[in-house]
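Chains as they are written, first to last, in the working numbering: chain A, 990 to 1444; chain B, 30 to 221.
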């Protein structure tokens, strides 16, 4: 299993491409800034959203029960899934009940988290993702590399090749307008022929039992309103208390995500249309455990805008796939270790801790603090590599003996000056991609003893 | 124990002590010409906004921009150019609609979105499946922001409703904006 460092190294082979990836995401970050500056009460919105989410987390069990009762009263079937597998089984059972072997799906990072597509495919069910970016990565047999912009890592020529192979566009065609039109025709046919549609959930309102799905393309609506059965998968943290709180979150979401004032479609589903069946699957999959981790529970406030990724200097230059986790970037790096500490132990270290992620977060999650705290937990629990663990242990030992520390410093300075190859070589991970500093003539300690020590 | 009980018990055991909900009183005043700002923002996100005196003017515009093709509308005033009653309840029967003309209950000045509830949709899929969408809204129904919108709407949602802000769009291919992803290729707002 390759870790973040090894995977970023692969991504970094093509430097112009890395620069392009970096610049594209930075452009989106700038659009976010422009949108934010047009709202004088922006900081009030962030603070209010953060407090609403604090309240949600502190009263989640009651809100879930309230939401369930209202959804049932609205004529919706409500299911509860403790983990990914149970979620997938529930979806499969609904498909089996309706004897359906083909489903159309709107973007849902939760179904990615549960690996629903793989599960259904293994059970002989065809799933077509209808968000254009998701359809592109699906055709390319890849996973999204970004939660809002699933194929941000792909060049239009590569997309053209995929469409030529699967959708019959002309060879070499890479015009976004023409490619989008081809996808429109292909997916329209899909929407019109599928009896079951699955969507994600952006927000669910405890007070009314309705849920809101936000898209720019309208794919969730095309799927849901044409299908006989609409299934919505939602993480249990998506609840908000009252309908009026939607005003706060809808103002924050897209401005943070892409710099748009609002998504093109913010659809409020409350009850099935005449003759239709509507299901909601409430999924835990580790969320209740994260709720109990005091230092990390704030990560459950996330509304999945992706702004922390767009601003992250590491994400922009290492690509989403280097995080080998469904949710990449800074927020993903604090969510993933909750699911599996061993598998994702490298991710909290894939950060400069610069704090840019926390600064743009619309719900004020202290992302960089949590990354720092995860590092400590992971080291303590023994989940970091031997190199890192041994060098940290050695360092602890050295600095606990002042004389040894002074000797080591002196030796180090001498070696850097007289035998630079001992330090400046491939075996020293710190040397990689860094110029080593010129060693000072004397240590701070020596300087202090000489200049201040006598007084 | 069922998964429901298990999840609720875990959540209850792990949730922190109760904190209160914040007030939603915005700390700033909104001093904007609501209609002017709505028009500016809506145009920026790809809508065509037209102030009209009445349905005769709407009809003229439709004749100029959208004919020929199937037109469906919830307005009896448009009976001579549009189907104002849908006989087939199957949403698939709307796949060939060129233009839908529907009434929006309110517009939001800060983001150019319009609220459309199921009561005015004829069929839920109609504003999404048509090639072009036109929404008619009263100028007096433009509110300042989303907080105002929800204050006016209250908890009123018959079963389905949506804020619609412009034509269907995508920028998934190298961030190039393309209008007309799956839904309407254009959006016209008639301010009446």
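Backbone N, C-alpha and C fix where the C-beta goes; we use that ideal spot for every residue, glycine too.
Beta-carbon contacts of residue i that lie in its chain and below 8 Å, excluding the five residues immediately before and after
i, result
"residue 1225 of chain A", "1049, 1053, 1271, 1272, 1273, 1276 and 1277"
"residue 149 of chain B", "103, 131, 132, 133 and 134"
"residue 1083 of chain A", "1185, 1218, 1220 and 1268"
"residue 76 of chain B", "141, 194, 195, 196, 216, 217 and 218"
Beta-carbon proximity list for residue i, same chain, < 6 Å, skipping 5 on both sides
i, result
"residue 139 of chain B", "174"
"residue 1004 of chain A", "none"
"residue 1219 of chain A", "1186, 1213 and 1267"
"residue 1100 of chain A", "1222"
"residue 1209 of chain A", "1095, 1188 and 1202"
"residue 189 of chain B", "147 and 153"
"residue 1405 of chain A", "1412 and 1428"
"residue 1205 of chain A", "1252 and 1253"
Cutoff 7 Å: residue i Cβ touching any chain A Cβ
i, result
"residue 83 of chain B", "no"
"residue 61 of chain B", "no"
"residue 161 of chain B", "no"
"residue 210 of chain B", "yes"
"residue 175 of chain B", "yes"
"residue 114 of chain B", "no"
"residue 138 of chain B", "no"
"residue 214 of chain B", "no"
"residue 132 of chain B", "no"
"residue 186 of chain B", "yes"
"residue 23 of chain B", "This structure leaves residue 23 of chain B out entirely; chain B is present only between 30 and 221."
"residue 217 of chain B", "no"
Closest residue to residue i among the options (Cα-Cα distance)
i, options, result
"residue 1193 of chain A", "A:1056, A:1212 and A:1347", "A:1056"
"residue 60 of chain B", "B:156, B:158 and B:172", "B:172"
"residue 123 of chain B", "B:84, B:102, B:145 and B:56", "B:102"
"residue 1221 of chain A", "A:1199, A:1235, A:1351 and A:1316", "A:1199"
"residue 100 of chain B", "B:68, B:137, B:142 and B:156", "B:156"
"residue 179 of chain B", "A:1007, A:1410 and A:1234", "A:1234"
"residue 1309 of chain A", "A:1018, A:1102, A:1171 and A:1140", "A:1140"
"residue 169 of chain B", "B:32, B:37, B:62 and B:43", "B:62"
"residue 1134 of chain A", "A:1415, A:1102, A:1074 and A:1413", "A:1102"
"residue 1250 of chain A", "A:1006, A:993 and A:1020", "A:1020"
"residue 1376 of chain A", "A:1385, A:1389, A:1418 and A:1232", "A:1418"
"residue 1183 of chain A", "B:176, B:167, B:121 and B:81", "B:121"
"residue 1295 of chain A", "A:1109, A:1014, A:1064 and A:1406", "A:1014"
"residue 1264 of chain A", "B:112, B:152 and B:43", "B:152"
"residue 1240 of chain A", "A:992, A:1006, A:993 and A:1027", "A:1027"
"residue 159 of chain B", "B:97, B:214, B:33 and B:64", "B:214"
"residue 187 of chain B", "A:1153, A:1106, A:1197 and A:1113", "A:1197"
Residue i at chain B interface by Cβ criterion, 7 Å
i, result
"residue 1003 of chain A", "no"
"residue 1300 of chain A", "no"
"residue 1040 of chain A", "yes"
"residue 1371 of chain A", "no"
"residue 1240 of chain A", "yes"
"residue 1071 of chain A", "yes"
"residue 1011 of chain A", "no"
"residue 1029 of chain A", "yes"
"residue 1273 of chain A", "yes"
Sequence-distant residues of the same chain with beta carbon closer than 7 Å to residue i, five excluded per side
i, result
"residue 1344 of chain A", "1357"
"residue 1301 of chain A", "1318, 1319, 1345 and 1346"
"residue 1238 of chain A", "1038, 1192, 1229 and 1292"
"residue 1341 of chain A", "1302 and 1303"
"residue 72 of chain B", "78"
"residue 1386 of chain A", "none"
Simplified DSSP assignment, three categories, for residue i
i, result
"residue 1117 of chain A", "strand"
"residue 1370 of chain A", "coil"
"residue 77 of chain B", "strand"
"residue 179 of chain B", "helix"
"residue 1425 of chain A", "coil"
"residue 194 of chain B", "coil"
"residue 218 of chain B", "strand"
"residue 1202 of chain A", "strand"
"residue 199 of chain B", "strand"
"residue 1282 of chain A", "coil"
"residue 1188 of chain A", "strand"
"residue 1193 of chain A", "strand"
"residue 1419 of chain A", "coil"
Open item on the list: With a threshold of 8 Å, are at least 3 pairs of Cβ atoms found where one atom belongs to the region 1252-1269 of chain A and the other to the region 1359-1368 of chain A?
Closed with: no
Open item on the list: Does the structure place the region 194-212 of chain B close enough to the region 1108-1122 of chain A that three or more beta carbon pairs sit under 8 Å?
Closed with: yes
Open item on the list: Any contact between the region 1158-1177 of chain A and the region 1073-1092 of chain A? By contact I mean 3 or more CB pairs, one from each, below 8 Å.
Closed with: no
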